[in-house]
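See below for the structure under consideration.
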Amino acid sequence: MRQLEYLAALDTHGHIGRAAAACYVSQPTLSTQIRQLERHLGVAITERVGRGIVVTPIGRELADRARTVLRDTDELLEWGRSSTDELIGPLRIAAIPTAAPYLLARILPIVRERHPDVQIHLDELKTLALVDVLTTAQLDLGLLALPIPSGDIEHLVLLEDPFLLAMEPRHRLARRPAVTSDELADETVLLLENGHCLRGQALEVCRDAGAHEVGKGGTSLTTICQMVAAGMGVTLLPRSAAPIEARRGAGIVVRPFSDAIPSRQLALAWRGRSPAAPLYRELAVLIAERLADLNNTSPPAAARQEPGDAPDAE
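Note that the sequence shown covers residues 19 to 332 in our numbering.
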């Protein structure tokens, strides 16, 4: 099974060094195990090309079959672990980058409280990559925004996450208790780079409002907020991120929308065919109940400060 895992990794990454790193072993170890698998099967799985090693056509076919075997084996083990009313052993969780820094600190204690014997392994992935590894059983649970681009995934909504308008304290809209979406039409709106689902959601709001320009994409919400603090534009900030990104001293303030409130839905997702699916759903319900207070809170006090309260305000 370990040799099949190494073969699948080598086929996926196309480079023995990256495959070894993904499997947490040295390159010589991975190479030795691949050679042993070749001898056992009696076929050439790899071919040396220059200074590197590539997977042969029959090796690629074997890698595809190996992934099926590995997935079925994982589900067999998962079925055994889920035969009780508690999850035990490894629990692989990933979250999208625009949710991980702001919600995992609240979610993980709930998971450990309900299932104290799990060993949590965390990752941070963009939506398409997260759905891919979730679908192929390389992941157990995913925290992501709807919609989910796959029909094989079940989910439960944890949180309705409204967008706030974030700006520097001296901005013309900072003196308002709330803003309207129409007022975005005269603003430069800074967005995340391609690949983030939040970019698409924010673009939709900007197009509806007729925003005349969309700034260059940033790599993270933290980077975008620093650009906002530097006076480069405004941005749409999920309320779940406001306590961190719009904390006192961060150089930005946030205001809610008073008309049609743009928002996203954050959900916990899992494979519907997973033997542990009933336990995952029960866990998602518990997390949603614990996070209900976030649906009924105002922006953080520091984020609601008046422009005159800021040291650099006019």
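Note that beta-carbon positions come from the ideal geometry of N, C-alpha and C, so glycine has one too.
Note that the coordinates shown come from a computational prediction; the quantities given were computed from them, not determined experimentally.
* Which runs of the beta strand (DSSP E) fall wholly inside the stretch 134-179 and span at least 3 residues, in chain order? -> As far as the stretch 134-179 is concerned, its whole beta strand (DSSP E) runs of at least 3 residues are 136-142 and 159-163.
* **Sufficient close CB pairs (3 or more, under 8 Å) joining the stretch 188-203 to the stretch 137-151** => With a cut-off of 8 Å, the stretch 137-151 and the stretch 188-203 do not count as touching, because too few Cβ pairs lie within range.
* To do: Note down the Cα distance separating V271 from M185, rounded to an integer number of angstroms.
  => Within the model, the alpha-carbon separation for V271 versus M185 is close to 6 Å.
* R85, DSSP secondary structure in three states -> The answer is helix: DSSP assigns R85 an H, G or I state.
* Measure the alpha-carbon distance for L25 versus I125 and round it to whole angstroms. => Spanning the alpha carbons of L25 and I125 requires a straight line of approximately 35 Å.
* Which ranges would you report for the alpha helix (DSSP H) in the stretch 280-312 if only whole runs of at least 4 residues count? -> Counting only runs of 4 or more, we get 295-308.
* Looking at the structure shown, is E332 part of a helix, part of a strand, or coil, going by DSSP? -> In this prediction, E332 scores a pLDDT of 30, lower than 50, which makes its location untrustworthy; the coordinate-derived value is nonetheless stated afterwards. Here E332 sits in coil by DSSP.
* **CB contact check: S238 to chain E, cutoff 8 Å** => Reference to chain E is not applicable here, since this structure consists of a single protein chain.
* Asked: What is the residue span of the alpha helix (DSSP H) that V73 lies within?
  -> For V73, no alpha helix (DSSP H) encloses it; the enclosing beta strand (DSSP E) starts and ends at G70 to V73.
* To do: Spatial neighbours of Q219 within its chain, please: CB distance less than 6 Å, with the 5 preceding and 5 following residues excluded, ordered by chain position.
  => Excluding five sequence positions before and after Q219, the CB atoms of its chain that fall closer than 6 Å to its own CB belong to R282, given in chain order.
* To do: With DSSP as the reference, label E263 as helix, strand or coil.
  => Helix at E263.
* To do: Give the DSSP-derived three-state secondary structure of P46 in the structure shown.
  => P46: helix per DSSP, three-state reduction.
* Nearest-angstrom Cα separation, counted from V223 out to V303 -> Using only the alpha carbons, I get a separation of about 29 Å.
* Residue interval of the alpha helix (DSSP H) (run including A27) -> Following the DSSP letters along the chain, one finds A27 inside the alpha helix (DSSP H) bounded by residues R20 to H31.
* With DSSP run on the structure shown, which of helix, strand or coil describes I111? -> In this structure, I111 counts as strand in the three-state DSSP scheme.
* To do: Go through its chain and collect everything with a Cβ distance to D277's Cβ below 7 Å, but skip five positions before and after it.
  => Within its own chain, the residues whose Cβ lies closer than 7 Å to the Cβ of D277, once the five positions on either side in sequence are excluded, are T198 and S199, listed in chain order.
* Asked: Are V87 and I76 close, meaning C-beta to C-beta below 8 Å?
  -> No, these two residues do not count as a Cβ contact at 8 Å.
* If L157 sits next to A112, beta carbons under 8 Å apart, how far is it from one beta carbon to the other, in whole angstroms? -> Taking a contact as a CB-CB distance under 8 Å, the pair L157 and A112 counts as one, their CB atoms being some 5 Å apart.
* Asked: Could you give the C-beta distance for L183 and L174, rounded to a whole number, given that I count them as a contact under 8 Å?
  -> That belief does not hold up - the Cβ atoms of L183 and L174 are roughly 29 Å apart, past 8 Å.
* To do: Run the CB neighbour count on S44, radius 10 Å, all protein chains shown included, and call it buried at 16 or more, exposed below.
  => That one is exposed.
* Asked: Does DSSP put T91 in a helix, in a strand, or in coil?
  -> Assignment of T91 by DSSP, reduced to helix, strand and coil, places it in the helix class.
* Who pairs with T64 in a beta bridge, going by DSSP? -> Answer by DSSP bridge pairing, in chain order: V73.
* To do: Spatial neighbours of L221 within its chain, please: CB distance less than 6 Å, with the 5 preceding and 5 following residues excluded, ordered by chain position.
  => Nothing meets the Cβ criterion.
* Taking just the CA atoms, how far does T47 sit from A38? -> About 8 Å.
* Can you list, in chain order, the residues of its chain whose CB lies under 6 Å from that of V129, leaving out five sequence neighbours each side? -> Correct list: empty, nothing qualifies.
* **Collapsed DSSP secondary structure at L182 in the structure displayed** => Under the three-state reduction of DSSP output, L182 falls in the strand class.
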